[in-house]
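Structure record follows, encoded as structure tokens.
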């Protein structure tokens, strides 16, 4: 029960960090998909399957607060979490940066496709047109920040792992790096 509560708190905390801290930064830094990066990194590199739930919690919070431009963004995060879980388990290796980056890239492309489809589906119910050029340029900036963030996280893998063990989010016996 306490682990579930810890994961819910972690998902809320990461969502608040992305929405408030990264959202207030200037330039491309505001496009950092923090929850997606952290979730996929921990899911892929440290085999922490429960990190996928953080993406879903983030989507729920975005839908609940109305902070997302895309309607029903929880559905997009749910699909993304499923693809991340599947690709981390069956497709990509967690032993190299390339495996982690490929899993994150596939998850991000899935998220962008899902949000694009949702936006297209709800396009006809809105009074204002959606600016697809802005959507695609923001997607490119988010992809750049995704890979840069992964590079930073990957370079601190041992410290991140020991921190997760101290927080009781990972068992101490699993060595994945």
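Numbering (full-length UniProt numbering), first residue to last: 1 to 177.
Backbone N, C-alpha and C define an ideal beta-carbon position, used for all residues, glycine too.
Segment contact, 8 Å Cβ cut-off, at least three pairs: the region 8-16 with the region 44-61:
yes
Between the CA atoms of residue 123 and residue 167 - distance to the nearest angstrom:
Stepping through the chain shown from its first residue, residue 167 is reached at position 167. Stepping through the chain shown from its first residue, residue 123 is reached at position 123. Between residue 167 and residue 123, the C-alpha separation is close to 43 Å.
Looking only at C-alpha atoms, which of 139, 109, 118, 103 sits nearest to residue 29?
As a working mapping, residue 29 is identified with position 29 in the chain shown. The shortest C-alpha separation from residue 29 is found at 139.
Spatial distance of residue 89 from residue 44 (CA atoms)
Residue mapping note: residue 89 aligns to position 89 of the chain shown, counting from 1. Residue mapping note: residue 44 aligns to position 44 of the chain shown, counting from 1. When rounded, the distance between both Cα atoms is 8 Å.
Do residue 31 and residue 101 have their beta-carbon atoms positioned less than 8 Å apart in this structure?
Looking up residue 101 in the chain shown gives position 101. Looking up residue 31 in the chain shown gives position 31. Pairing residue 101 with residue 31 gives a Cβ-Cβ distance that is not under 8 Å.
Going by beta-carbon coordinates alone, are residue 181 and residue 153 separated by less than 8 Å?
No statement about residue 181 is possible, as the shown extent of the chain runs from 1 to 177 and does not include it.
Here's a check: name, in chain order, each residue in its chain whose Cβ is nearer than 8 Å to the Cβ of residue 83, leaving out the five neighbours to either side.
By one-based count along the chain shown, residue 83 stands at place 83. Cβ within range, chain order: 106, 107, 110.
Closest residue to residue 58 among 26, 20, 25, 93 (Cα-Cα distance):
Numbered from its first residue, the chain shown carries residue 58 at position 58. With respect to the C-alpha of residue 58, the residue from 26, 20, 25, 93 having the closest C-alpha is 20.
Nearest by alpha-carbon distance to residue 95: which of 6, 157, 3 is it?
Position 95 of the chain shown, counted from the start, is the residue given in the question as residue 95. For residue 95, the nearest C-alpha among the options comes from 157.
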